[in-house]
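Chains as they are written, first to last, in the working numbering: chain A, 1470 to 1851; chain B, 1470 to 1851.
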């Protein structure tokens, strides 16, 4: 399958860059945020709604789709795109993070990962070769190598052993890669150890992948560790391939990572928050269930032009949330995803206009996290 | 508010008729099926989706909206149409049926109905005047009188007392009616007693309402009772006003009732069934969770052109249902409502074309209920 990454413009004052990823299912602009469609559905939305929001690519979870309905079923039915009625790019993860999340239900050996299904307790064994087979069956546009995601904290010794094994698994995935199959991205591991991150990156880059992800973050480490890992890793990744920060993150995280040269993001935050009634707005994060919105006839965010803000009041959104109406999840998800997609649009425009740092500094978020990390960044001489 | 009912065509061989109801929020064709938007949302769908399906009018539940978010809040925010972003006709029930459903939590007196909220146990007292005030505040197009819905079975003595009180309540509602308020429909009660149904109908018709509903059905009585009640009641209702069979029913029920001259229907069946994975198709009712659909790439109903059938396979619908995805409720609801709306379209076309009985006989449903009731109907000389 065709895969191409083109850098269109690089920021003069940071490592931010604007680019475009091309696949057989069309292209998408980077930096990009990919909503998560775990079980073959970006929760609560149709593909048409995703397109109206401006979503250009989504993520599917190999672990979940392998267990249910099964990759062979999806292959027989014409592949994941056809199955879920989404004809634009799909990136599939490898299941490494989900298997990690199973805790004591998994066992890692050199050969692969043994685990018990979270659905029915049945036993499974995934190898690097098997996850490639699954992702090929799904018809993914971008596949990820199988990796071991280690918990935080983990000892240097264990992270070292694990990272080396993840590199050997990456090699096995690469050897299984097919010309007419998905593009293949490797995953840098190494926990919060600088030299291990460097070694992981160097080893993988030497093998030659079509993109590189930074994995093993958002597993309980402090926020500053995420920032450290980005700074330790990215210098060892090629300029010319996409860099993907897996499972991250908040708007602040995304801004910070873009400044450091990251091109791809995925995260359940906007969609999960939406279902919990937590909404991103131009004036900060809000909880729609608060009593102050009970008779508030204004749109959620008066600066927003998403379907939700164009047609419904805060009072109605609060009512739907309190009434546990399905429409609550839908309207909130539309808004939060629009917020994220629009943030990425503004980021790309700022980079193109040569004013990304200005944009970065203009963004303020309710919890102040951005301003702190900001100071940190500056002290690192970016 | 304007309200007009026009009969466009009457069937030669049954009491079926095609008409049109006009309100300040536009008109709708009859016989009509109104989806239920209990809490200000037809569960899982947006107003745009309802319109795409062909829905022309919906029902709102006074009881639920009174309790949450409160009719005064809705009034302040511009009325129910604006609040829920639906600018077409809305019929509101009076809460009688919901209060009945509370069982021991309610107490009926001459003055009105005392009950405890199903939400928080708080005490409330609804009178005929109060339910009018609420429905006026909501800005409903068609309001219903407060009625007492008696359980099945109930003694002749109690049903008689209750029916007489319901008539007095109807009178009080009529006295509260405003020129610029909603149209007002009365509700015929009388349980399964022929003379009480007749008396109820005659008393209410004498008062002069803009429409008449047949209430107190679908409360546990046998199907034949519903059919009896229709036949006992409708001859005493005016030809020129709409007849509304509340809370009914299955496709078979609707066909039967249309044949007997009913114009309006509402029921949670298509929407609730959808969420439970039970789908109406041209080949009968099916349960989408069945294993036989696991690898079935065909649309749910190959003769259907709804959004769901145009874009998704049975296998995907089954997968979404088993995965408890919100999209499952959405796609199933779209299909089931489309089935109902389309059934009503076919009914109207059949009446207009002078072949309603032919159409009636051509309809077969999986459980055979229609064929049985059919026999019964014929023996009554229709």
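Positions of the beta carbon are idealized from the N, C-alpha and C atoms, including for glycine.
Hey, residue 1635 of chain A and residue 1616 of chain A: beta-carbon distance below 7 angstroms or not? yes
Quick one: what does DSSP say residue 1825 of chain B is sitting in, helix, strand or coil? helix
Run through the DSSP bridge pairs and tell me what residue 1753 of chain B is partnered with. B/1750
Does the distance from the CB of residue 1614 of chain B to the CB of residue 1656 of chain B come in under 7 angstroms? yes
Kindly indicate if chain A contains any beta-carbon less than 7 angstroms away from that of residue 1795 of chain B. yes
From what residue to what residue does the alpha helix (DSSP H) around residue 1670 of chain A run? 1663–1676
Where does residue 1476 of chain A fall in DSSP's three states? strand
In the DSSP assignment, what residue or residues form a beta bridge with residue 1492 of chain B? B/1472, B/1495
Scan the segment 1564–1652 of chain B and note each continuous alpha helix (DSSP H) run of 4 residues or more that stays entirely inside, going in chain order. 1565–1570, 1597–1607, 1625–1645
Using DSSP with H/G/I as helix, E/B as strand and the rest coil, what is residue 1723 of chain A? helix
Can you tell me whether residue 1588 of chain B is buried or exposed? The criterion is at least 16 other CB atoms within 10 Å of its CB, across all chains shown. exposed
Which of the three DSSP states is assigned to residue 1836 of chain B in this structure? The predicted position of residue 1836 of chain B is uncertain, since its pLDDT is 46 and thus under 50; no value can be drawn from it.
Between residue 1579 of chain A and residue 1783 of chain B, what straight-line distance do the alpha-carbon atoms span, to the nearest angstrom? 40 angstroms
Taking only beta-carbon positions, decide if residue 1542 of chain B is within less than 7 angstroms of chain A. yes
Between residue 1607 of chain B and residue 1536 of chain B, how many whole angstroms is the CB-CB distance? I'm expecting something under 8 angstroms. Contact doesn't hold; Cβ gap of about 13 angstroms is too wide.
Going by Cα to Cα distance, which pick from A/1545, A/1720, A/1816, A/1508 is closest to residue 1562 of chain A? A/1508
Give a yes or no on whether the minimum CB-CB distance between residue 1780 of chain A and chain B is below 7 angstroms. yes
Please confirm whether residue 1674 of chain B and residue 1500 of chain B have their CB atoms less than 7 angstroms apart. no
Hey, is residue 1785 of chain B close to the ligand ZN, as in C-beta under 6 angstroms from one of its heavy atoms? The model depicted lacks the ligand ZN and carries no ligand whatsoever.
Indicate the three-state DSSP secondary structure (helix, strand or coil) for residue 1791 of chain B in the structure shown. helix
Spell out whether any CB of chain B is found under 7 angstroms from the CB atom of residue 1804 of chain A. no
Return yes when the Cβ of residue 1698 of chain A is within less than 7 angstroms of the Cβ of residue 1666 of chain A, no when it is not. yes
If you drop the 5 nearest sequence neighbours on each side, which residues of the same chain put their C-beta closer than 7 angstroms to that of residue 1764 of chain B? 1784
From what residue to what residue does the alpha helix (DSSP H) around residue 1522 of chain B run? 1516–1522
Tell me the DSSP bridge mates of residue 1735 of chain B? B/1503
Out of curiosity, what's the CA-to-CA distance linking residue 1486 of chain B and residue 1707 of chain B? 13 angstroms
Which residues, in order along the segment 1538–1565 of chain A, keep a beta-carbon less than 8 angstroms from a beta-carbon of chain B? 1538, 1542, 1545, 1546, 1547, 1552, 1553, 1554
Kindly list the residues whose CB is nearer than 7 angstroms to the CB of residue 1729 of chain B, restricted to its own chain and excluding five residues on each side of it in sequence; keep chain order. 1484, 1699, 1700, 1703
Mind the definition here: the segment 1708–1727 of chain A touches the segment 1759–1779 of chain A only if three or more C-beta pairs lie below 8 angstroms; say whether that holds. no
Excluding the five sequence neighbours on either side, which residues of its own chain have a C-beta within less than 7 angstroms of the C-beta of residue 1690 of chain B, listed in chain order? 1621, 1661
Is the Cβ of residue 1472 of chain A closer than 7 angstroms to any Cβ of chain B? no
In this structure, what does DSSP give as the bridge partners for residue 1681 of chain A? A/1655, A/1712
Please report the Cβ distance between residue 1652 of chain A and residue 1472 of chain A, rounded to the nearest whole angstrom; I am assuming they are in contact, meaning their Cβ atoms lie under 8 angstroms. 4 angstroms
For the segment 1753–1766 of chain B, list every residue whose C-beta sits within 8 angstroms of some C-beta in chain A, in sequence order. 1763, 1764, 1766
Who are the neighbours of residue 1608 of chain A on chain B, taking C-beta pairs under 9 angstroms? None at all; the shortest Cβ gap to chain B is about 15 angstroms.
Give the secondary structure of residue 1772 of chain B by DSSP, where H, G and I count as helix, E and B as strand, and everything else as coil. coil
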